[in-house]
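914 is the number that the numbering used here gives to position 70 of the sequence shown; each next residue is one higher, with no gaps. A virtual CB, placed ideally from N, CA and C, is assigned to each residue, including glycine.
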Amino acid sequence: MNDLFENEKVGSRERLGNDAFVLKGFSLAIADDLLATVAVIETISPFRHMMTPGGFTMSVALTNCGQLGWTSDRRGYRYTSVDPITGNPWPTMPTQFLELAQAAANEVGFADFIPDACLINRYVPGTKLSLHQDKDEQDLGAPIVSVSLGIPAVFQFGGFERSDPKTKTPLFHGDVVVWGGADRLRYHGILPIKNNTHSTLGEQRINLTFRKASFSELKS
Ligand code: MD6
Ligand code: FE
């Protein structure tokens, strides 16, 4: 089905903006390993539905790995070094995750991307992610690398105002989106996921989003 059709595009890239690209199938070869690792991570820090500052429960379930993890509650959005559910540090970012994110960023010209946070989102049919900007990170000079696994999603990509026109791009198992530079603060979101079944993940989509959340060194 979709996967077979999309296989034709593996190895190609789609440009979403000046500094925003979809690398088709970039993580396909290691996708099974990535998913096995997510299964370990969730035994340490389980997926959970967080509350937005506005009091809504997010339809996306999420967890994190890395030195910092993205969290949300009634007090706002922020990065923490400790998982608020377990009281322990987030699971360490696996070397394989780090290397994938670095390789993808490097592929489109962002050399030396060293993420300190990996947000892991889990979607089931009907789950959506409303239009938002990623602006909780201190270093907006670093790109974001986003890995799609499992059933397909439609990625909405807009401008710098919520109401700006949006493009819609399908994302399939193995696709990697890299964006930064001039496009770093564009509004984006995921439309409600359609019913579908993936051969290894079943009725789920897992998204890994790598960020550099802190300033770790002085820039010259
Ligand atoms: C998702 N992704 O694909 C949600 N943000 O599940 C994001 O919110 C996102 O894919 C910044 C850059 C790329 C992304
Ligand atoms: Fe985002």
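Quick one: does residue i have its CB under 8 Å from some CB of chain C?
i	result
K1038	As a matter of chain content, chain C is missing from the structure shown, which is built from one protein chain.
Which residues in the same chain as residue i place their Cβ atom closer than 6 Å to its Cβ, once the five residues preceding and following it in sequence are excluded?
i	result
E850	F1016
T1013	F999
K1063	Here K1063 scores only 46 on pLDDT, less than 50, and its place in the model should not be relied on; the value that follows carries that caveat. So the list is empty, once near-sequence residues are dropped.
G1025	D863
L1045	G994
G1018	G869, S871, L872, A875
T1041	E1047
Y921	D980
For residue i, collect the residues of the same chain with a Cβ closer than 7 Å to its Cβ; drop the 5 residues on either side in sequence, then sort them by chain order.
i	result
R859	F865
R857	F865, V866, L867, K868
T896	M902, S916
R918	M895, P897, G899
P935	I885, I888, S889, C909
Going by C-alpha distance, which of the options is nearest residue i?
i	options	result
P996	I1050, D1027, Y1031, F941	I1050
N1118	P890, V854, G970	As shown, the chain starts at 845 and ends at 1064. That puts residue 1118 outside it, with no answer to give.
K979	D956, P1009, R1028, G994	R1028
G861	P959, G1002, N1040, I1034	G1002
I988	K1056, V952, F941	K1056
Q982	L973, R892, D960	D960
H1032	Q1048, I964, R1006	R1006
L1052	E852, I888, T887, A905	A905
A948	V1020, I1034, N908	V1020
H893	Y967, L975, E943	Y967
A1059	V991, G985, K1010, E943	First, the amino acid is wrong: residue 1059 is Phe here, not Ala. Per the Cα distances, G985.
P1009	S990, L963, L975	L975
T924	E943, L973, T907	T907
Can you give me the Cβ contacts of residue i inside the same chain, cut-off strictly under 8 Å, excluding the 5 residues immediately before and after it?
i	result
G970	S903, P1036, I1037
R1030	G861, A864, Q977, F1001, G1002, G1003, F1004, W1023
G855	K868, G869
With DSSP as the reference, please indicate the residues paired to residue i in a beta bridge.
i	result
I1050	R966, L993
T1011	F1001
- At least three beta-carbon pairs within less than 8 Å, the region 928-936 to the region 902-919: yes
- Message: Report the start-end ranges of each beta strand (DSSP E) in the region 933-991 that is 3 residues or longer and not cut off at the edges.
- Response: 961-967, 973-976
- Contiguous beta strand (DSSP E) assignments of at least 3 residues, all confined to the region 868-947: 905-909, 913-917, 920-924
- Query: Taking three-plus beta-carbon pairs below 8 Å as touching, is the region 876-883 in contact with the region 949-963?
  - Reply: no
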